[in-house]
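Please read the structure below before turning to the comments.
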Amino acid sequence: MDTRRKILGWSDARALLEAAGAPLVTGYFDPLTADHARRLAQLAETHGPLFVLVLDPPDAVLPAGARAELVASLACVKCIALPPAEGAQAVLDALGEGRLLREEAADLERRAALTRHVHARHAS
Numbered sequence: 037m038d039t040r041r042k043i044l045g046w047s048d049a050r051a052l053l054e055a056a057g058a059p060l061v062t063g064y065f066d067p068l069t070a071d072h073a074r075r076l077a078q079l080a081e082t083h084g085p086l087f088v089l090v091l092d093p094p095d096a097v098l099p100a101g102a103r104a105e106l107v108a109s110l111a112c113v114k115c116i117a118l119p120p121a122e123g124a125q126a127v128l129d130a131l132g133e134g135r136l137l138r139e140e141a142a143d144l145e146r147r148a149a150l151t152r153h154v155h156a157r158h159a160s
């Protein structure tokens with residue numbers, strides 16, 4: 037299966053999200069790590085197959101499309117989208133905090149931990 041088929045435009049993703057009554061996971065996934073995969077699997081255990089919105093972090097390492105393809109490869113992810121032209125904030129405002137599972141702050145820490153690990157390995 038070509039998992040890139042899970043990547044939808046925002047309007048199509050939102051229709052599926054609304055029909056499922058599921059929460060939306062937001063994050064950077066820059067880059068996608070094993071910690072991300074474990075966290076998303078944990079969320080899927082509680083909420084079922086996940087709907088994910090890939091946001092842009094400060095100083096992105098990978099382009100959003102590449103990050104979306106990587107996240108789409110995870111079995112626990114049902115659907116993935118990038119923000120619409122009007123921007124991510126419009127999506128976040130429309131859904132409200134009760135429907136969002138925000139992972140951005142944790143994603144920045146995951147990236148920092150990966151950077152520390154790479155630097156430590158390089159130094160030794």
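Per this note's numbering, the sequence shown starts with residue 37, numbered consecutively.
Ideal placement from N, C-alpha and C gives every residue a C-beta, glycine not left out.
This one's a predicted model, so the numbers in the text were calculated from it and none came from an experiment.
Between the region 112-131 and the region 143-151, are three or more C-beta pairs nearer than 8 angstroms?
-> no
Coil, strand or helix - Ala111 by DSSP | Numbered from 1 along the sequence shown, position 75 holds the residue referred to as residue 111. DSSP places Ala111 in the coil class of the three-state scheme, outside both helix and strand.
Under 8 angstroms between C-beta atoms of Val90 and Phe65 | The residue labelled residue 90 in the question sits at position 54 within the sequence shown. The residue labelled residue 65 in the question sits at position 29 within the sequence shown. In this structure, Phe65 lies closer than 8 angstroms to Val90 by Cβ.
How big is the Cα-Cα spacing for Thr82 and Pro67?
-> Translated into positions along the sequence shown, residue 82 becomes position 46. Translated into positions along the sequence shown, residue 67 becomes position 31. The C-alpha of Pro67 is placed about 24 angstroms away from the C-alpha of Thr82.
Val88, enclosing beta strand (DSSP E) - first and last residue | Taking the sequence shown and counting its residues from 1, one reaches residue 88 at position 52. Looking at the DSSP string, the run of the beta strand (DSSP E) that includes Val88 is Leu86 to Val90.
Specify, as a first and last residue, the run of the alpha helix (DSSP H) that Val97 falls within.
-> Within the sequence shown, the letter at position 61 stands for residue 97. Careful: Val97 lies outside any alpha helix (DSSP H) and carries neither H nor E.
Boundaries (first-last residue) of the beta strand (DSSP E) holding Arg138 = Along the sequence shown, one-based indexing puts residue 138 at 102. Taken as a continuous stretch (DSSP letters only), the beta strand (DSSP E) holding Arg138 covers Leu136 to Arg138.
How far does the beta strand (DSSP E) with Leu76 in it reach, from first residue to last?
-> The count along the sequence shown starts at 1 and reaches residue 76 at position 40. Element bounds for Leu76: not the beta strand (DSSP E) but the alpha helix (DSSP H), Ala70 to His83.
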